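J.:
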Amino acid sequence: MKFFSYIILYLRKVMKAKDLFKTIIENEIDISFEIAQHWYTYQNLSAKKGYEGIARIQFLDCVKVEIEKSLFTQKNWYLEWIEGQFENNLPNVSSGSTMTALLDVDGVFNQFEPAIMEVDEELVNELYGEIINYQHKLIGNLRVERGIDLY
3 MKFFSYIILY
13 LRKVMKAKDL
23 FKTIIENEID
33 ISFEIAQHWY
43 TYQNLSAKKG
53 YEGIARIQFL
63 DCVKVEIEKS
73 LFTQKNWYLE
83 WIEGQFENNL
93 PNVSSGSTMT
103 ALLDVDGVFN
113 QFEPAIMEVD
123 EELVNELYGE
133 IINYQHKLIG
143 NLRVERGIDL
153 Y
């Protein structure tokens, strides 16, 4: 009977950890997704003659608001990286584009993978699949609800 009690306690611990990791990672994905939408707006606004400077200022202000919500982003480094992206003219579908980098689930997930593995190695694949599905849902909803295709 004691053995089953330990198993139940272990499963509760793993399930609580999974919910916690999932919530934190989804929050970081939400932030990346919001910044990607601001990038999309920046791209469209800066394409209009005379709006480049305003678009850049507006985008950077939005990014500053979003990254304050992050628990893990190295804010100064991230802002420097973002400012460097204004020179990146690759199309959004390119693997080296700013949009692809902003929507990179692997980059976000990898921040947490070592901690997840400490709790349960099998949880890594399960959570990764759920996070990928979560992001696809966000992108799909944006496409359907607002007609915006980030890629």
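The opening residue of the sequence shown carries number 3 in our numbering; numbering runs sequentially from there. Positions of the beta carbon are idealized from the N, C-alpha and C atoms, including for glycine. Given the structure is predicted, the values throughout are model-derived calculations rather than measurements.
Checking 7 Å against the spacing of the C-beta atoms, do F111 and Y130 come in under that value?
T.: It is a contact, given that the beta carbons lie within the stated cut-off.
J.: Determine the contact status of E115 and V107, defining contact as a CB-CB distance below 7 Å.
T.: No; because the gap between Cβ atoms is not below 7 Å, this pair is not in contact.
J.: Compare the C-alpha of F35 against each of E89, P93, K71, V121 and name the closest.
T.: Checking every option, the nearest Cα to that of F35 belongs to K71.
J.: Could you give the C-beta distance for L92 and G86, rounded to a whole number, given that I count them as a contact under 8 Å?
T.: Their Cβ separation, rounded to whole angstroms, is 13 Å, which puts L92 and G86 out of contact at 8 Å.
J.: How about F61 and Y44: are their beta carbons less than 7 Å apart?
T.: Taking 7 Å as the Cβ cut-off, F61 and Y44 qualify as a contacting pair.
J.: Could you pull out every residue in the same chain whose Cβ sits closer than 7 Å to the Cβ of S96, ignoring the five residues on either side in sequence?
T.: Counting only Cβ-Cβ distances below 7 Å, and skipping sequence neighbours, we find T102.
J.: With respect to the alpha helix (DSSP H) encompassing V107, which residues constitute its N-terminal and C-terminal limits?
T.: Where V107 is concerned, the enclosing alpha helix (DSSP H) stretches over 107-121.
J.: Which value, in whole angstroms, describes the spacing of the CA atoms of F6 and L140?
T.: For F6, the predicted structure reports a pLDDT of 49, less than 50, and the residue's modelled location is therefore unreliable. The matter cannot be settled from this model.
J.: Taking DSSP as the reference, what is the three-state secondary structure of K51?
T.: Three-state result, K51: coil.
J.: Quick one: which unbroken alpha helix (DSSP H) runs of 4-plus residues sit fully inside the stretch 18-101? Chain order, please.
T.: DSSP runs (the alpha helix (DSSP H)) wholly in the stretch 18-101: 54-69, 77-86.
J.: Compare the C-alpha of I118 against each of F23, D151, M17 and name the closest.
T.: Comparing Cα-Cα distances from I118 to each of F23, D151, M17, the minimum goes to F23.
J.: Buried or exposed, going by whether 16 or more other CB atoms sit within 10 Å of the CB of L73?
T.: L73 should be labelled exposed.
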